[in-house]
Amino acid sequence: MWEAVPVSRDISERRKNLLEALSLAGRESSNAAVMYHSAMSERMGLGMTEEKTLDLLQRRGPLTAGEIAQHVGLAPATVSGLIDRLESKWLVRRVRDTRDRRRVIVEVNEERLSGFGELFEPFVAALAELYERYTDEELELIIDYVTRSTALQRDATRGLTS
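Position one of the sequence shown corresponds to residue 93 (the working numbering), numbered consecutively onward.
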């Protein structure tokens with residue numbers, strides 16, 4: 093389906109092996125994340141995109157449909173249907189922006205989500221334990237990698253959905 097990261101012929105065998113291992117680890121991580129969120133979404137009675145959109149709104153606060161599309165990398169028409177589905181389940185609501193009445197923002201219905209937090213607690217606790225193994229400098233490096241690779245993945249998503 094896809095091949096390991098293309099590598100230059102002018103690199104050491106060690107670096108080639110590291111790049112291949114990194115590619116494989118990334119694929120494994122991606123698969124684990126998809127399967128986790130698929131199981132979590134099912135447990136919540138949602139589609140995976142719905143669950144991840146709720147996560148986005150909880151982290152970023154109320155957003156317009158356009159802002160949601162920008163963050164998730166989906167086409168605006170897809171996001172409108174997504175918001176409709178979440179609204180029909182009473183998980184979000186559309187409200188007029190108090191500063192600009194022409195704008196409609198989407199906000200989470202926190203009361204409706206109150207029981208879902210405990211589903212995430214075991215995994216969050218396990219991650220906190222894992223983070224203890226790393227120095228501050230190592231955490232900075234990991235954050236840099238994750239941030240940059242996430243940006244690349246969002247760009248790739250936009251390329252597939254535009």
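Built from N, CA and C at the ideal position, the CB exists for glycine as well.
| Check | Outcome |
| --- | --- |
| For the alpha helix (DSSP H) that contains R240, what are its first and last residues? | 228-253 |
| Looking at the structure shown, is E213 part of a helix, part of a strand, or coil, going by DSSP? | helix |
| Less than 8 Å separating the beta-carbons of N201 and L183? | yes |
| Going by Cα to Cα distance, which pick from R204, E199, T242, I160 is closest to G137? | R204 |
| How many whole angstroms separate the CB atoms of G165 and R246, which I take to be in contact at a CB cut-off of 8 Å? | 5 Å |
| First and last residue of the alpha helix (DSSP H) that includes I197? | Here I197 belongs to no alpha helix (DSSP H); instead the beta strand (DSSP E) covers 196-200. |
| Looking at the structure shown, is L114 part of a helix, part of a strand, or coil, going by DSSP? | helix |
| Can you name, in chain order, every residue of its own chain whose Cβ lies under 6 Å from the Cβ of G158, other than the five neighbours on each side? | none |
| Note down the Cα distance separating A161 from L211, rounded to an integer number of angstroms. | 26 Å |
| Can E265 and L178 be called in contact, C-beta distance under 8 Å? | No statement about residue 265 is possible, as the shown extent of the chain runs from 93 to 254 and does not include it. |
| For A125, tell me which candidate among F208, L174, M140 has the shortest Cα-Cα distance. | M140 |
| Looking at the structure shown, is R135 part of a helix, part of a strand, or coil, going by DSSP? | helix |
| According to DSSP, what are the bridge partners of L155? | V198 |
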